[in-house]
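Peer 1: Here you go, one structure.
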Amino acid sequence: MSRICELTGKRREKGNRVSHSNIKTRRFLQPNLVKKKWMVSELKKTVTLTLCASALRTIQTRGGIERAIVMEKDENLSDRLLGLKREILKRRTELAASKKGEEVHAVQN
-17 MSRICELTGK
-7 RREKGNRVSH
3 SNIKTRRFLQ
13 PNLVKKKWMV
23 SELKKTVTLT
33 LCASALRTIQ
43 TRGGIERAIV
53 MEKDENLSDR
63 LLGLKREILK
73 RRTELAASKK
83 GEEVHAVQN
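Listed below in structure tokens is the structure:
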């Protein structure tokens, strides 16, 4: 499993460990990843995601997992979340089309 956040695309960074004598050796800075289950209410299914702590705060700020996925740039999302984003957008367009059809039907009656 690669250590990458599925929502933000955060991955490990390279850095230097600097000793008191100013000797620099390579080190890796890992993101704070957490596995969490989310209920995607629009699709009526549960998804387990590997997210960093900052992504959890982003989801809360944006008002839910669906809005966070839709608002995020495509290049940051994992392949699974990109597919989920397409499903959500497809579902939203279907709902909008059905509501529009209901409005036209109500006006005609």
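In our numbering, the protein residues as written are -17 to 91.
Just so it is clear, CB atoms sit at the ideal spot from N, CA and C, and this is done for glycine as well.
Since we're looking at a predicted model, the values are computed, not measured.
Could you tell me which residues DSSP pairs with leucine 31 in its beta bridges?
Peer 2: Leucine 31 is bridged by DSSP to Lys18.
Peer 1: Are the beta-carbon atoms belonging to glycine -9 and asparagine 58 less than 7 Å from one another?
Peer 2: yes
Peer 1: Given a cut-off of 7 Å, decide if glutamate -12 and leucine 38 are closer than it, judged by their beta-carbon atoms.
Peer 2: no
Peer 1: List the endpoints of the continuous beta strand (DSSP E) containing arginine 9.
Peer 2: Per DSSP, the continuous beta strand (DSSP E) segment holding arginine 9 begins and ends at 6 to 11.
Peer 1: So what's lysine 82 in DSSP terms, helix, strand or just coil?
Peer 2: helix
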